[in-house]
Amino acid sequence: MTGQGRDGEGLPGGDAAFEAALTAYAGRPAATEGVGKDPVNAAMIRHWCEAMGDAHPAYRGPGAVAPPTMLQAWTMGGLSGHQRRSPAHDELFALLDGAGYTSVVATDCEQEYLRPLRPGDAITFDAVIESVSPRKTTKLGTGHFITTRMDVRANGEPAGTHRFRILKYAPAARPAPRERDGAARPRGERPRPVVNRDNAGFWAGVAEHKLLLQRCGGCGALRFPWLPGCNRCGGTRWDTVEASGAGTVYSYVVLHHPPFPAFDPPYAVGLIELAEGVRMVSNVTGVRYDEVRIGMPVRLEFLRVDEEVVLPVFRGGATSGGAPDAALPGGEG
Amino acid sequence: MSTEAALGGPTGTGTPGERSAPPAPGTDLPPLTVPVTRTLIVAGALASRDYQDVHHDAEAAREKGSPDIFMNILTTNGLVGRYVTDHFGPRAVLRKVAIRLGAPNYPGDTMVLRGTVTAADGDTAEVRITGTNGLGHHVTGTVTVTVPAERPAADR
Chain X
0 MTGQGRDGEG LPGGDAAFEA ALTAYAGRPA ATEGVGKDPV NAAMIRHWCE
50 AMGDAHPAYR GPGAVAPPTM LQAWTMGGLS GHQRRSPAHD ELFALLDGAG
100 YTSVVATDCE QEYLRPLRPG DAITFDAVIE SVSPRKTTKL GTGHFITTRM
150 DVRANGEPAG THRFRILKYA PAARPAPRER DGAARPRGER PRPVVNRDNA
200 GFWAGVAEHK LLLQRCGGCG ALRFPWLPGC NRCGGTRWDT VEASGAGTVY
250 SYVVLHHPPF PAFDPPYAVG LIELAEGVRM VSNVTGVRYD EVRIGMPVRL
300 EFLRVDEEVV LPVFRGGATS GGAPDAALPG GEG
Chain G
0 MSTEAALGGP TGTGTPGERS APPAPGTDLP PLTVPVTRTL IVAGALASRD
50 YQDVHHDAEA AREKGSPDIF MNILTTNGLV GRYVTDHFGP RAVLRKVAIR
100 LGAPNYPGDT MVLRGTVTAA DGDTAEVRIT GTNGLGHHVT GTVTVTVPAE
150 RPAADR
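Protein chains in written order, with numbering that gives the first Met the number 0: chain X, 0 to 332; chain G, 0 to 155.
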């Protein structure tokens, strides 16, 4: 009942045909016969070294070489843009832009340097799209990773290879971290429980602040979550038993990433073993996320999330004096 | 801070060390503290010819879901390379630099680069790098560096 993401709502990116269209770009060229706009030159090397604070003597004076990490800089389009990007590259980006994945962030850069670059060297390059990932949800938003590999040449000789990965993503609508530090935290709406014919009785119980377990009419086994049949004997007759509310933390995870608008990481999600023997996933409240422990006794309580939603949660710790903002999952106050 | 000082680059700049090759695996490099100033982010972006607005225009960055401008990957790459060659000295030559970015470098943060030699073979060493900031790991990576033995004076 926690950690239910609603990522990518409104985007068609989860569609299998769309993903197939994206992955078809693997192996196609990203740039052909690209030409560096400037030959390797002392001025750009000096500007780079000033920015980086790099005083390596090999990058200065007569016989200077360029810092090898400048490899990509020599291939950049700059303000006037790229002229030699391939149709495949442009199509792929247009496809992703059209699906709402309009932003770009670089995530990986792997470079191998085959020969030093010296002032006067003319740069040329070719690049290929190595892969396009399935849809991924990250802290920035949902999107697809694109990996390209570029071969860079100097005066026609191989000078280096440059593998580059970017995330093309739809920005997550979220408050900036600095705004979230304030007392009033803008929050997204908590995900709604999915109520259906099989579990409607459970949610009706929760509305009355009762945690109802199913009991098989055949073998008497208790079960949770609610299901049409018994997972021990297969029987379909059942009635309900109200849980006492006592339980222990059977296991737990601490969620740091990715954040969802309704939650404020890090927070603990517990697998609670009820005194009756069944287990359920819920929040552990009243203790810090990093103080939750396996075996910790917990007690059922009901959390009113908003006008529509009440959830069963479990309060840990020996005393009842929990955090004042117990409405925040694992809130640190 | 004067403009000149700001453009002088991250602190820790100094004469590259005169250490000789090659260090034993397990050797830790001294950390390098890099104040992540707005100036460093913009200067690095322009020196790498990266005019993506998220690296110089805070308003545009916010529209794209980022709280502020952030350092581009080429600058991180350059700083990682500099960190390694600063340590290994004037003869050090970078062979490979592979990095992965995590938590962004936003203005006002501080990044601390750390490195550990993970392998050495002849005059070549492999260094595992991490760069941490206030949000976590900004960068993790591996750098391969060669430090040729000093040649006789006649050869130079």
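A virtual CB, placed ideally from N, CA and C, is assigned to each residue, including glycine. Keep in mind the model is a prediction, meaning the values are calculated, not measured.
Item: What did DSSP end up calling Asp-125 (chain X) once you bin it into helix, strand or coil?; Value: strand
Item: By Cβ distance below 7 Å, which residues in the same chain neighbour Pro-106 (chain G) in space, the five residues on each side in sequence not counted?; Value: Val-35, Thr-36, Arg-37, Ile-40, Asp-67, Ile-68
Item: Output, in chain order, the set of chain G residues within a Cβ distance shorter than 7 Å of Ala-93 (chain X).; Value: The premise fails here: Ala-93 (chain X) is roughly 18 Å from chain G at the closest Cβ pair, so nothing lies under 7 Å.
Item: The alpha helix (DSSP H) with Asn-76 (chain G) in it runs from where to where?; Value: 72-87
Item: With burial defined as no fewer than 16 other Cβ atoms inside 10 Å of the residue's Cβ, what is the status of Leu-226 (chain X): buried or exposed?; Value: exposed
Item: Are any of the Cβ atoms in chain G nearer than 7 Å to that of Ala-171 (chain X)?; Value: yes
Item: Would you kindly work out how many angstroms separate the C-alpha atoms of Ala-105 (chain X) and Arg-45 (chain X), rounded to a whole number?; Value: 25 Å
Item: So with Cβ pairs under 7 Å, would you call Arg-177 (chain X) a contact of chain G?; Value: Low confidence applies here, because Arg-177 (chain X) scores a pLDDT of 42, under 50, leaving its location unreliable and the question unanswered by this model.
Item: Between X:Met-279, X:Leu-139, X:Ser-250, which has its C-alpha nearest Leu-299 (chain X)'s C-alpha?; Value: X:Met-279
Item: Indicate whether at least one CB of chain X lies closer than 7 Å to the CB of Ile-40 (chain G).; Value: no
Item: Are there three or more Cβ pairs, one per stretch, closer than 8 Å when the segment 113-131 of chain X is compared with the segment 16-34 of chain X?; Value: yes
Item: With DSSP as the reference, label Leu-273 (chain X) as helix, strand or coil.; Value: strand
Item: Counting only beta-carbon separations shorter than 7 Å, does Asn-72 (chain X) have a partner in chain G?; Value: First, the residue type needs correcting, since residue 72 (chain X) is Ala and not Asn in the sequence shown. It does: the Cβ of Ala-72 (chain X) has a partner Cβ on chain G nearer than 7 Å.
Item: To be precise: take each residue of the segment 60-82 of chain G, compare its Cβ to all Cβ atoms of chain X, and keep it if any distance is under 9 Å. Which residues remain?; Value: Arg-61, Glu-62, Lys-63, Gly-64, Ser-65, Pro-66, Asp-67, Phe-69, Asn-71, Ile-72, Leu-73, Thr-74, Thr-75, Asn-76, Gly-77, Leu-78, Val-79, Gly-80, Arg-81
Item: Between X:Asp-238, X:Thr-146, X:Val-34, X:Ala-15, which lies nearest to Gly-155 (chain X) when the distance is taken from Cα to Cα?; Value: X:Val-34
Item: Name, in chain order, the residues that DSSP records as bridge partners for Leu-254 (chain X).; Value: X:Tyr-266
Item: Under DSSP, the alpha helix (DSSP H) around Cys-232 (chain X) begins and ends at which residues?; Value: Element bounds for Cys-232 (chain X): n/a, residue is neither H nor E.
Item: Which residues bound the alpha helix (DSSP H) around Trp-225 (chain X)?; Value: Segment: none, Trp-225 (chain X) is in no alpha helix (DSSP H) and carries neither H nor E.
Item: Just how far apart, CA to CA, sit Leu-139 (chain X) and Val-240 (chain X)?; Value: 44 Å
Item: Just tell me which of X:Leu-310, X:Val-252, X:Val-64 has its CA closest to the CA of Pro-192 (chain X).; Value: X:Leu-310
Item: Can you give me the start and stop residues for the alpha helix (DSSP H) that Arg-37 (chain G) sits inside?; Value: 37-46
Item: Anything in chain G within Cβ reach of Asp-120 (chain X), meaning under 9 Å, just list it in chain order.; Value: Here the premise fails: no neighbours, minimum Cβ distance about 16 Å.
Item: With a cut-off of 8 Å, do at least 3 Cβ pairs link the segment 281-295 of chain X to the segment 258-268 of chain X?; Value: yes
Item: By the 10 Å Cβ neighbour count, where 16 or more other Cβ atoms means buried, how is His-208 (chain X) classified, buried or exposed?; Value: exposed
Item: Of all the CB atoms in chain G, is at least one closer than 7 Å to the CB of Ser-102 (chain X)?; Value: yes
Item: What span of residues does the alpha helix (DSSP H) with Phe-92 (chain X) cover, start to end?; Value: 86-97
Item: Which one or two residues does DSSP pair with Cys-215 (chain X) in a beta bridge?; Value: X:Trp-237
Item: Measure the C-alpha to C-alpha separation of Gly-43 (chain G) and Ile-293 (chain X) and round it to an integer number of angstroms.; Value: 48 Å
Item: Can a CB atom of chain X be found closer than 7 Å to the CB of Leu-158 (chain G)?; Value: A question about residue 158 (chain G) goes unanswered here, because the residues of chain G that appear run from 0 up to 155.
Item: When we look at the beta-carbon of Leu-95 (chain X) and count the other beta-carbons within 10 Å, is it buried (16 or more) or exposed?; Value: buried
Item: Using only CA atoms, which one of G:Val-116, G:Asp-122, G:Gly-135 lies nearest to Ile-142 (chain G)?; Value: A small correction: the amino acid at residue 142 (chain G) is Val; Ile does not occupy that position in the sequence shown. Measuring from the Cα of Val-142 (chain G), the nearest candidate turns out to be G:Val-116.
Item: Using a Cβ-Cβ distance under 7 Å, would Gly-77 (chain X) count as near chain G?; Value: yes
Item: Specify the secondary structure class of Glu-306 (chain X) as computed by DSSP and reduced to three states.; Value: coil
Item: At 3 residues or longer, what runs of the beta strand (DSSP E) sit wholly inside the segment 105-156 of chain X?; Value: 122-131, 140-153
Item: Would Thr-145 (chain G) pass as an interface residue toward chain X - the criterion being a Cβ-Cβ separation below 7 Å?; Value: no
Item: Just list the residues that DSSP pairs Leu-299 (chain X) with in beta bridges.; Value: X:Phe-313
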